[in-house]
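Remarks on the structure that follows.
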Ligand SMILES: [Zn+2]
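In our numbering, the protein residues as written are 1496 to 1834.
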């Protein structure tokens, strides 16, 4: 619900794209077109070593590529996948997938998520992006330090991603739902807004990656691998201020709604209607509202003769505003009391 940015992680992930992802596509293309033109043969598994892009790399980048090629996921090495892709795809296939990669990543960068279609990608490319680049190189408990040390001269793990995200946005609260903190180490997954399962090419795109609470990340209570269009995201705007909240004291629930389709879809995608209908959320929000109302009565009693009602309200609204992104439910409290 909070508008956020992801600039610190963007700097790191752009470096990954430039030094790893783009040369990877180039090597595939050069190897396949070399075979198609009878300039290369598929006799050796390390055919990639004979490609111009690899040959022209500096010593350090070559070392990193050698290291990546040897890396294994579920007993399959990266070079096995490269070999299998070279065997099964044509050079025009590679151009087609590279264009899809560029298109999807550009659209995400422009925060235009509606125009990104889930184009099918070969299983091997899916594994490269989702299982190696994201799972193995960024998200794994045992981080692949060598790659990041080469790219940014420092280590970079999932924890660093979250640290950058929280620091940059001065954020302790889930930017998707405003109902939970993101301080606990249990909230350790990186949330891909467009799920890796259907959009593997966006596995390492900073405009598709959020620090969120666990409930929002998983399908049971939150989003999981669902996708809806038209949609908006916390990179686009502070969504919460455009939603309608109502305190239904009869049945003791908070109702959340909108007349606008992208907001309706956002509510549906994250199951916010059901989640905000939780009795404990009603009690928490009511308590916060009670505290503000008590404060209002105190101020009115003390200063009522000298100040007007609107300035007391403004003072209290600012008081709540100062706790935004640090405490839960500040959006719903502000909307119910002051808007
Ligand atoms: Zn959340």
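Yeah, the Cβ is synthetic: ideal placement off N, Cα and C, and Gly gets one too. Treat the numbers as computed from the prediction; the structure is a model and nothing was measured.
Taking 9 Å as the threshold (C-beta atoms), are residue j and residue i in contact?
i	j	result
residue 1596	residue 1509	no
residue 1542	residue 1530	yes
residue 1673	residue 1571	no
residue 1623	residue 1519	yes
residue 1527	residue 1588	yes
residue 1694	residue 1705	no
residue 1632	residue 1647	no
residue 1764	residue 1752	no
residue 1748	residue 1773	yes
residue 1792	residue 1742	no
residue 1503	residue 1663	yes
residue 1692	residue 1583	no
residue 1558	residue 1549	no
residue 1702	residue 1604	yes
residue 1645	residue 1555	yes
residue 1667	residue 1678	yes
residue 1767	residue 1790	no
residue 1600	residue 1696	yes
residue 1498	residue 1732	yes
Please report the residue range of the beta strand (DSSP E) in which residue i lies.
i	result
residue 1741	1739-1743
residue 1705	1704-1706
residue 1687	1685-1687
What are the partner residues of residue i, as DSSP defines its beta bridges?
i	result
residue 1752	1739
residue 1572	1567
residue 1668	1676
Name the two residues that bound the continuous alpha helix (DSSP H) containing residue i.
i	result
residue 1590	1586-1604
residue 1814	1804-1816
residue 1792	1774-1798
residue 1497	Taken as a continuous stretch (DSSP letters only), residue 1497 belongs to no alpha helix (DSSP H), as it is neither H nor E.
residue 1709	1709-1712
residue 1825	1825-1833
residue 1529	1517-1531
residue 1640	1640-1647
residue 1547	1547-1550
residue 1769	1767-1771
residue 1821	Per DSSP, residue 1821 belongs to no alpha helix (DSSP H) and is neither H nor E.
residue 1535	No alpha helix (DSSP H) holds residue 1535; DSSP gives it neither H nor E.
residue 1633	Where residue 1633 is concerned, there is no enclosing alpha helix (DSSP H), given that its DSSP letter is neither H nor E.
residue 1620	1618-1621
Apart from the five residues just before and just after residue i, which ones in its own chain have a Cβ nearer than 6 Å to its Cβ?
i	result
residue 1682	1708 and 1709
residue 1720	1690 and 1692
residue 1750	1741 and 1743
Counting only the same chain and skipping the five closest in sequence on each side, list residues whose C-beta sits under 7 Å from that of residue i.
i	result
residue 1734	1496, 1727, 1758 and 1761
residue 1783	1824 and 1828
residue 1794	1807
residue 1723	1760, 1763 and 1764
residue 1610	1602
residue 1657	1706
residue 1777	1747, 1748 and 1749
residue 1545	1535
residue 1598	none
Whole angstroms is fine: what's the gap from residue i's alpha carbon to residue j's?
i	j	result
residue 1823	residue 1608	27 Å
residue 1513	residue 1665	29 Å
residue 1564	residue 1627	11 Å
residue 1540	residue 1652	31 Å
residue 1779	residue 1788	14 Å
residue 1500	residue 1832	28 Å
residue 1712	residue 1634	15 Å
residue 1797	residue 1830	26 Å
residue 1602	residue 1725	14 Å
residue 1585	residue 1511	25 Å
residue 1680	residue 1818	22 Å
residue 1614	residue 1809	50 Å
residue 1606	residue 1591	23 Å
residue 1820	residue 1612	32 Å
residue 1617	residue 1655	31 Å
residue 1581	residue 1684	33 Å
residue 1560	residue 1754	51 Å
residue 1698	residue 1803	53 Å
residue 1619	residue 1579	8 Å
residue 1714	residue 1675	16 Å
residue 1524	residue 1639	26 Å
residue 1838	residue 1593	The question about residue 1838 has no answer here: the residues shown for the chain are numbered 1496 through 1834.
residue 1785	residue 1650	47 Å
residue 1534	residue 1700	35 Å
residue 1636	residue 1537	36 Å
residue 1775	residue 1745	15 Å
Whose C-beta lies closer than 8 Å to the C-beta of residue i among residues of the same chain, with five residues either side of it excluded?
i	result
residue 1573	1563, 1564, 1565, 1566, 1567, 1623 and 1627
residue 1686	1671, 1704, 1705, 1706, 1707, 1711, 1712 and 1718
residue 1552	1518 and 1560
Near ligand 2, which residues have their beta-carbon less than 7 Å from any of its heavy atoms, given in chain order? Because ligand 2 does not appear in the structure shown, any question about it cannot be addressed here, the ligands present being ligand 1.
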